[in-house]
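Here the structure comes first, spelled out in structure tokens, and everything after it is commentary.
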Amino acid sequence: MLKLEECFKKVIIYFNEEHMFICPHQPVLNEAGEFLNFLDDGPVLELERNITIEELQNAIFETLKKSNLYILSQRPKRLGIERHLKVRSYKAATKDKSLISLGYSPDESIEYRIIAYRKENSLVYLKEKELLIKQEDAMQNNQLAKTVIEFMELLRNK
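Numbering (UniProt numbering), first residue to last: 1 to 158.
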């Protein structure tokens with residue numbers, strides 16, 4: 001049986017020119033109890049793009065704490081970002097947004113995996129860049145948030 005405390009912790013950051021939406025993810029299991037995926041479910045944190053690096057770093061860690069709180073037995077009718085934006089589809093929710101995935105495995109040597117995805121079409125994102133940051137490096141001088149901002153700039157210039 002899947003143990004929540006052993007699951008990869010993940011957030012997705014959707015963003016456009018004005019806002020960021022940080023979404024916690026929960027694991028989804030099939031009827032046999034096998035892991036299927038992580039899905040965006042739970043309270044979405046909406047932020048202005050002009051926040052400080054410290055505020056972004058804190059927001060990322062607060063949202064990571066809201067990941068893996070429960071197990072989903074099926075895909076929700078609407079994902080967290082769809083409910084937050086009060087739209088009926090993923091296509092509408094992500095219409096003008098780029099995406100960054102950020103997460104870690106809760107083992108002894110925590111490394112944060114940050115992935116920038118470029119939007120290919122209305123429903124598909126393709127991996128543009130990936131970086132692993134050790135926990136101690138991520139904490140130093142808000143490096144995790146600085147990397148997220150760097151990835152946002154990379155995607156903006158594509």
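Where is the CB? At the ideal position from N, CA and C, for every residue including glycine.
Item                                                                                                                              : Value
Neighbourhood of LEU29 by C-beta distance below 7 Å, restricted to the same chain and skipping five residues each side            : LEU2, PHE35, LEU36, ILE71 and SER73
Contacts around GLU130, its chain only, beta-carbon distance under 6 Å, and the 5 residues preceding and following it disregarded : ILE115
ASP107 burial status per 10 Å Cβ neighbour count (16 or more: buried)                                                             : exposed
Cβ-based neighbour list, ILE96, same chain, cut-off 7 Å, excluding 5 preceding and 5 following                                    : This sequence places Asp at residue 96; Ile is not what is there. Around ASP96: ASN16.
Cβ-Cβ separation, GLU82 to ARG75 (assumed contact under 8 Å), whole Å                                                             : Contact flag wrong, Cβ pair sits at about 12 Å.
ILE110 in three-state terms, based on DSSP                                                                                        : coil
GLN135 to THR63 span [Cα, whole Å]                                                                                                : 17 Å
Endpoints, the beta strand (DSSP E) within which ILE133 is located                                                                : 125 to 134
Buried or exposed by the 16-neighbour rule on C-beta atoms within 10 Å, applied to THR52                                          : exposed
Span of the alpha helix (DSSP H), counted from its first residue to its last, around LEU45                                        : It is not in any alpha helix (DSSP H) - LEU45 instead sits in the beta strand (DSSP E) that spans 45 to 48.
Beta-carbon spacing of MET152, ILE110 below 9 Å                                                                                   : no
Element boundaries [alpha helix (DSSP H), containing GLN143]                                                                      : 143 to 156
Where residue 161 falls: helix, strand or coil (DSSP)                                                                             : Beyond the ends of the chain as shown, which are 1 and 158, falls residue 161; an answer cannot be given.
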